[in-house]
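For reference, the structure is listed below as structure tokens.
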């Protein structure tokens, strides 16, 4: 079946995965004669219930206490308790709970709610717009730290902020995480890979890395399982927590087979509508999801699927240590209808040397210049554009025989835009490009300088073995330095 299991560590990661699983929900056939375009068992866990089949996300979600909003662990499993059965002498103590929004109430009633009910004010929790039912074993949480500030429930000044705090917290949850993850593996016939999604600039970095190390050692370091695809998507904060960021990036690179750090700085782009709100977790996650879903679509499409192993092999070309994908872009494409039956690009008038009338007028009247001031792509990478290392990967709706990259065709690449829970922030059709370039070397050099200056005990506690971290950074710098370049940063 080539299943993919995804692990969400942090609230921001939950927002990202919710968008992705809501896309998967649109693939579920609700009618017997529905035509299938994707394999629903790759990212979803089908469980037969009589003549019906229920689909659950193949996922493991981990939150801080209170991070699930209205959603209780057994919300859709256990019947509601009838308090009247206990008599009038029972004292009931209630805690404040997050109320369901109108969208969720309509879903519970069996209706198909309008996505217009969702806005930035009522989507602060990913459960506010989630459309699938999660198995209770998939919903885990830390009991010590509280959402949203991340403060310890008994020690208010202790925050879920630094890398080492996350390491310590995972040790307390290891048995629970291991049990839930094992159940996901047991429900898989032929695992394709694992997606870890985590924040980078807080304690979730240490938590996720420890989880990665333990699960990798337990399930993927022996015999037939020694070759594995463990991908990590790291969500970078607008304001870096530098020591924790550096430690997380280095460790994610060491313990995953492919690491994709995702950043979303403020940028003027024609791809996003004026309604885009950078402060909204719902909006930010939708942008990240538009990139990740281009890959998920390849993994599960029925015609010409592309597995994680193929994408990874084409990117790394045997250089397994050079596994940080630092250039990631969502690029504007011409708005086109679905491809023809051969998956080929439709010819437009200007491909034959003709210019549309509107374009001719723009040439003479100077119209369209304001639009050109905005870049026609969204940069999600950790570093800027530079000389490529190896071939990039491009995912697009149509085949492009002239492409110099590893070109993959996903006819449904922009399907996420039409999902009712996706905010109306995209104004153009798009393709995605990702790969590696030499600019990461300069970023890593700056990171090494920061670590070399660390002296204070509380900072050393965050990064662990300083000499080892400096050595790891130096090795990564070597990987992203071409033979004729000078690696030194001491001149």
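Numbering (the UniProt record's numbering), first residue to last: 1 to 491. Glycine included, each C-beta is placed from N, C-alpha and C at the ideal position. Everything numeric in this text was worked out from a predicted model, so none of it was measured.
Collapsing the DSSP output to three states places residue 267 in coil. Sequence-distant Cβ neighbours of residue 22 in its own chain, meaning closer than 6 Å and more than five residues away, are 131, 419, 421. Residue 7 and residue 297 have their C-alpha atoms some 18 Å from each other. Non-local C-beta neighbours of residue 194 in its own chain, meaning closer than 6 Å and more than five positions away in sequence, comprise 5, 230, ordered along the chain. If you check the CB distance, residue 202 and residue 150 come in under 8 Å.
Here DSSP, grouped into helix, strand and coil, assigns residue 2 to coil. Taking 8 Å as the cut-off, the Cβ atoms of residue 117 and residue 142 do not count as close. In the DSSP annotation of this structure, the continuous segment of the alpha helix (DSSP H) that includes residue 285 starts and ends at 281-300.
When the Cα atoms are used, residue 29 and residue 313 turn out to be separated by approximately 33 Å.
Judged by pairs of C-beta atoms under 8 Å, the region 438-447 does not touch the region 292-306, as fewer than three such pairs exist. Around the beta carbon of residue 423, a 10 Å sphere encloses 16 or more other beta carbons of the protein chains shown; the residue is thus reported as buried. Where residue 140 is concerned, the enclosing beta strand (DSSP E) starts and stops at 139-146.
Within the model, the alpha-carbon separation for residue 171 versus residue 450 is close to 28 Å. A direct Cα-Cα distance of roughly 7 Å separates residue 220 from residue 228.
Counting every other CB atom within 10 Å of its CB across the protein chains shown gives residue 162 a total of 16 or more, marking it as buried.
The continuous alpha helix (DSSP H) containing residue 447 extends over residues 439-452.
Boundaries of the alpha helix (DSSP H) around residue 459: 457-463. Bounds of the beta strand (DSSP E) holding residue 60 are 59-65. Secondary structure at residue 101: coil, using DSSP grouped into helix, strand and coil.
In this structure, 330 is the residue among 435, 388, 330 with its C-alpha nearest to the C-alpha of residue 414. Put simply, the backbone Cα of residue 404 is about 44 Å away from that of residue 112. The distance from the Cβ of residue 333 to that of residue 286 is about 18 Å, inconsistent with a contact at the 8 Å cut-off. About 4 Å separates the beta carbon of residue 9 from that of residue 208, a gap short enough to meet the 8 Å contact definition. Its chain contains 470 as the residues whose beta carbon lies nearer than 7 Å to that of residue 452, once the 5 sequence neighbours on both sides are disregarded; these appear in chain order.
Contact between the region 456-469 and the region 424-435 is absent: fewer than 3 CB-CB pairs across the two stretches fall below 8 Å. DSSP places residue 245 inside the alpha helix (DSSP H), whose first and last residues are 242-255. Contact between the region 44-52 and the region 241-253 is absent: fewer than three C-beta pairs spanning the two stretches fall below 8 Å. Taking the Cα positions, residue 409 is about 18 Å away from residue 24.
The secondary-structure analysis by DSSP pairs residue 429 across a beta bridge with 333. By the 16-neighbour rule on beta-carbons within 10 angstroms, residue 393 is buried. Rounded to the nearest angstrom, the gap between the Cα atoms of residue 34 and residue 478 is 52 Å.
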